[in-house]
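These notes are about the structure you will find just below.
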Amino acid sequence: MLAPSSLLPSTDLRPHDGASSDQLARAFLQHLAQDERKRLKATHRSSSYGIEVEPILGDEDAVERIVAQEEANRPESAHVPVPADLAAVAVMLARAIEAEPGLVRRLRREAPVVALATHVTDLVEPVRIVAEKCLFRPDTKVVDLAIGRARELSRRNAALFVCDGVGREARPDKGNEVIGTALHVRIPIVGIAPDPKRQLPRDLMRSAEHRIALASLDQTSLALVVEAVVGGLPTRRIDTNLLRMIDIADLPVAFRRRAMQDFR
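Under the numbering used here, the sequence shown is numbered contiguously, ending at residue 269.
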């Protein structure tokens with residue numbers, strides 16, 4: 006595992022091999038940033054992100070009044086940081102989908118069945134979050150068939166089947182009934198697991214028209230992650246050998262440690 010403090014000196018900005026301008030990845034990141042802004046406003050959390058929050062003051066709390074005044078005088082920023090691990094997964098997922106011609110349109114207009122390999126258990130949950138927020142039409146209600154009730158499905162739904170590969174339920178003979186119901190309703194279905202063939206329902210795999218796997222991080226994808234988190238593209242390149250060692254779970258700590266160093 007790479008030491009977190011060594012992750013951030015990063016990247017050149019050359020396009021990745023055979024790829025487009027990362028339009029889909031940028032769209033995913035923009036969507037996550039908008040969602041993060043809404044979350045911050047909803048929870049009334051003051052921060053350095055430029056979110057204006059009405060403080061809760063007591064007449065007797067002089068310290069809180071000082072803090073509130075400092076916040077009122079702080080310059081606003083248009084940038085809302087996306088969580089680093091979600092940003093990385095968003096880029097990886099966007100590239101995997103972009104490699105399948107027409108898949109992004111089908112996920113929002115038709116009823117494709119997709120099996121997605123994360124390769125590792127730790128990425129299943131962030132992939133679920135990004136998939137739920139970014140893959141489908143804004144008015145779609147996303148249901149996780151692994152825990153949801155398939156009988157309530159309608160054409161307004163999209164379905165995930167999320168399996169972390171741990172436990173007795175992570176095998177092909179489990180979950181086929183709910184997959185059958187979703188297939189009958191004709192809604193998009195995306196199965197997510199480290200090893201879909203071994204861990205997702207047999208009928209989902211038999212029906213899958215697209216079998217994709219998360220793309221790995223490279224120089225330009227890490228540059229997009231840095232931009233999404235800190236608001237600007239990096240100016241330095243990370244060593245290729247170190248790049249191969251990056252653990253997505255390390256990224257939030259790495260950015261946090263870098264931010265602390267910037268204030269020293």
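No residue lacks a Cβ here, since even glycine has one placed at the ideal position from N, Cα and C.
> Going by beta carbon distance, what residues of the same chain come within less than 6 angstroms of V167, once the five residues before and after it are set aside?
Replying inline: R133, D149, A151 and I197
> Taking the C-alpha atoms as reference points, what is the distance between I253 and S159?
Replying inline: 35 angstroms
>> Once DSSP output is grouped into helix, strand and coil, what is the label at G185?
In response: helix
>> For D149, report the span of its beta strand (DSSP E) as first-last.
In response: K146 to D149
> Is it a yes or a no for the region 177-185 touching the region 207-215, going by three-plus beta-carbon pairs under 8 angstroms?
Replying inline: yes
> Curious, which full-length alpha helix (DSSP H) runs of at least 4 residues does the region 199-262 contain?
Replying inline: 201-204, 207-212, 224-235 and 245-249
> So which of A136, L121 and G237 has the shortest CA-CA distance to R113?
Replying inline: A136
> Is the distance from the Cβ of A122 to the Cβ of P201 below 7 angstroms?
Replying inline: yes
>> Taking DSSP's pairing of strands, which residues face V109 in a bridge?
In response: For V109, which the question treats as bridged, DSSP gives no partner whatsoever.
>> With distance defined between alpha-carbon atoms, name the residue in L128, L140, H124 and T126 nearest to V118.
In response: L140
> Is the beta carbon of A120 less than 7 angstroms from the beta carbon of T145?
Replying inline: no
>> Taking its Cβ as the centre, do 16 or more other Cβ atoms sit within 10 Å of G180, making it buried, or is it exposed?
In response: buried
> Candidates A228, E75, E214 and V234: which alpha carbon is nearest E105's?
Replying inline: E214
> Quick one: what does DSSP say A47 is sitting in, helix, strand or coil?
Replying inline: helix
> Below 7 angstroms between beta carbons: does that hold for V195 and A93?
Replying inline: no
> Name the DSSP beta bridge partners of V118, please?
Replying inline: I194
> When the Cα of E232 is compared with those of L34, L29 and L128, which residue comes out closest?
Replying inline: L34
> What is the C-beta distance between V171 and T126, in whole angstroms, given that I count them as a contact (C-beta under 8 angstroms)?
Replying inline: 7 angstroms
>> Can you find the residues in the same chain that come closer than 8 angstroms, C-beta to C-beta, to P257, ignoring five residues on each side of it along the sequence?
In response: P88, A89 and D90
> By the 10 Å Cβ neighbour count, where 16 or more other Cβ atoms means buried, how is L238 classified, buried or exposed?
Replying inline: exposed
> Assuming H124 contacts L219 under a Cβ cut-off of 8 angstroms, what Cβ separation, rounded to an integer in Å, is found between them?
Replying inline: 7 angstroms
> Which residue from R154, V234, L98 and R111 puts its Cα closest to that of K138?
Replying inline: L98
> For E157, which option in V129, H189, P143 and R142 has the closest C-alpha, if you only look at C-alpha atoms?
Replying inline: H189
>> Considering only DSSP beta bridges, list what V171 is partnered with.
In response: Partner(s): none; V171 has no beta bridge.
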